[in-house]
Amino acid sequence: MARMFNRREFMLRGAGAGVAAAALPGSSYADAVPPPAASTPVTGAMPWKIDIYSKHLQFLRDPHEVALAAKSMGYDGLDITVRPYPGHIDPARVKQDLPPFVQAVRSNGVEVHMVTAPIADADSPHAEEILETAASLGIHSYWWGSFQYVKGQPILPQLEAMRPRVAKLARLNEKYGMTAMYHCFGGEHTVNDKVFVSGPMWDLLYVLKDQDPRFVGIQWDSCHMTNAGGMRTWELNLRTAGPYIRGVSWKDSLPEKAADGRWLPHYLPLGHGNVELTRANAVLREIGFNGPVEIQPEHMKGAAGDGKDKLVESREWVSATMTEDLRTLRAAIVESETYKL
């Protein structure tokens, strides 16, 4: 495993100009953080396929190019964004555009295990068309979310009001043989100050209570859940949620104090933050997890990290960075087989 180091060490590891260059006009994050050196390939059995979230390839619009990029980096599959532009598939055109996109991806030897769509409940726009189309293509999992708290209002009544919405969505998923995976967020959202259900985990499990995890479950986000559950509370939460864990999303970070006094995640390459990659994978093995796994390299900061449609950093840097994240995760998965919990 790569040595864990703090944010200052990470930010200073680039030679010469360092990360300070990223703050200069006309420079980019990629200028300041050089691509990782080529690493020894990881060998060992992989219990799970690993996908790349297509949000980070939205600078490529042709499905063949998207697939070949994922394949060249070593990924097994794609989680396709069914979201308004720059998402790869517009939800309003899912019936027309998703089938040929998926066919093109698969023709290049890359699988599609799931999609990410703006579905909060069964009444979300285009929800049924998305589920019906995905199911017809043999895709049976999708990113689901998210429920938000109304600040200043009692918590339990809000959670109770969400339960009928979940039950209705579960019935729709059962109709099409789909699994909704609620993407976990920890604490107050760093962009718009929204507070999502799932930070402490008990609240999400309360909403999911009595529902069949085959139809409504959880996509466990390693970064958000580690930050929300420090001192290995994340592990207790992961074990408690066990049967509902239907997918895993990997990213890493270290806490950083913002100007307003809040502690927010500073995203880092996998293996360089506070996510215990090997231990978390060992827990996933122990609870019998068997679902789609993906990497979300949000630490890249630039166009690829933010899901933009035009790349400002070099394609080589993006590819090397995503490849190294994959190598790091695979190494942790191999190590987790003999890890003692």
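Count the sequence shown with mature numbering (1 follows the signal peptide of the UniProt record, and there is no 0) and you get residues -32 to -1, 1 to 309, in order. The C-beta atom is built at its ideal place from N, Cα and C for all residues, glycine as well. As the structure is a prediction and not an experimental result, all values here were calculated from the model.
Using 8 angstroms as the threshold, is the C-beta distance between residue i and residue j below it?
| i | j | result |
| --- | --- | --- |
| Ile18 | Leu206 | no |
| Leu252 | Val216 | yes |
| Pro265 | Lys219 | yes |
| residue 349 | Pro54 | Residue 349 lies beyond the range of the chain shown here (-32 to 309); nothing can be said about it. |
| Val73 | Tyr117 | no |
| Leu99 | Asn141 | yes |
| His192 | Tyr235 | no |
| Thr194 | Trp202 | yes |
| Gly113 | His81 | no |
| Tyr174 | Leu204 | no |
| Leu66 | Val50 | yes |
| Met41 | Met290 | yes |
For residue i, collect the residues of the same chain with a Cβ closer than 7 angstroms to its Cβ; drop the 5 residues on either side in sequence, then sort them by chain order.
| i | result |
| --- | --- |
| Asn249 | Ala300, Ile301 and Ser304 |
| Gly77 | Lys39 |
| Ile32 | Note on identity: in this sequence residue 32 is His, with Ile being the wrong assignment. Excluding sequence neighbours, His32 sits near Ala72 and Asn76. |
| Gly273 | His24, Pro265, Glu266 and His267 |
| Leu176 | Val134, Val184 and Tyr212 |
| Asp89 | Arg133, Lys136 and Leu137 |
| Glu97 | Val62 and Lys63 |
| Arg131 | Val175 |
Please look up how many angstroms separate the CB atoms of residue i and residue j, rounded, as I've assumed it's under 8 angstroms.
| i | j | result |
| --- | --- | --- |
| residue 310 | Tyr21 | Outside the shown range of the chain (-32 to 309) lies residue 310, about which nothing can therefore be said. |
| Leu232 | Glu224 | 6 angstroms |
| Ser104 | Thr147 | 16 angstroms between Cβ atoms; not a contact. |
| Tyr144 | Ile186 | Wrong, their Cβ atoms sit about 19 angstroms apart, outside the cutoff. |
| Ala271 | Val280 | 5 angstroms |
| Val184 | Ala227 | Rounded, the Cβ-Cβ distance is 38 angstroms, inconsistent with contact. |
| Val261 | Trp16 | 5 angstroms |
Taking all protein chains shown into account, do 16 or more other C-beta atoms lie within 10 angstroms of the C-beta of residue i, making it buried, or fewer, making it exposed?
| i | result |
| --- | --- |
| Ser190 | buried |
| Lys136 | exposed |
| Arg214 | buried |
| Ile123 | exposed |
| Thr246 | buried |
| Leu309 | exposed |
| Met169 | buried |
| Gly106 | exposed |
| Thr11 | exposed |
| Gly154 | buried |
| Pro86 | buried |
| Met149 | buried |
| Asp47 | buried |
| Glu284 | exposed |
| Pro68 | exposed |
| Thr306 | exposed |
| Tyr(-4) | Residue placement at Tyr(-4) is flagged as unreliable, the pLDDT there being 45, under the threshold of 50; the coordinate-derived value follows with that caveat. Looking at its Cβ environment, which holds 16 or more other Cβ atoms inside 10 Å, Tyr(-4) is buried. |
| Gln179 | buried |
| Val70 | buried |
| Gly256 | exposed |
| Ala129 | exposed |
| Gly259 | buried |
| Gly45 | buried |
Suppose the cutoff is 8 angstroms on Cβ atoms and the five residues either side in sequence are ignored; what does the same chain contact list for residue i look like?
| i | result |
| --- | --- |
| Gly(-7) | For Gly(-7), the predicted structure reports a pLDDT of 36, less than 50, and the residue's modelled location is therefore unreliable. The matter cannot be settled from this model. |
| Ala37 | Leu25, Leu28 and Ser287 |
| Lys119 | Val163 |
Among the residues of its own chain, which have a CB less than 6 angstroms from the CB of residue i, if the five just before and after it don't count?
| i | result |
| --- | --- |
| Gly241 | Asp220, Ser221 and Leu222 |
| Ala35 | Val73, Asn76 and Val78 |
| Ala196 | Gly154, Gly155 and Gly167 |
| Gln26 | Pro54, Gly275 and Asp277 |
| Val165 | Phe115, Asp171 and Leu172 |
| His56 | Ser22, Ile48 and Thr49 |
| Gln121 | none |
| Ala102 | Val83 |
(request) Inspect the CB distances between the segment 90 to 106 and the segment 59 to 67 and report whether three or more fall short of 8 angstroms. (result) yes
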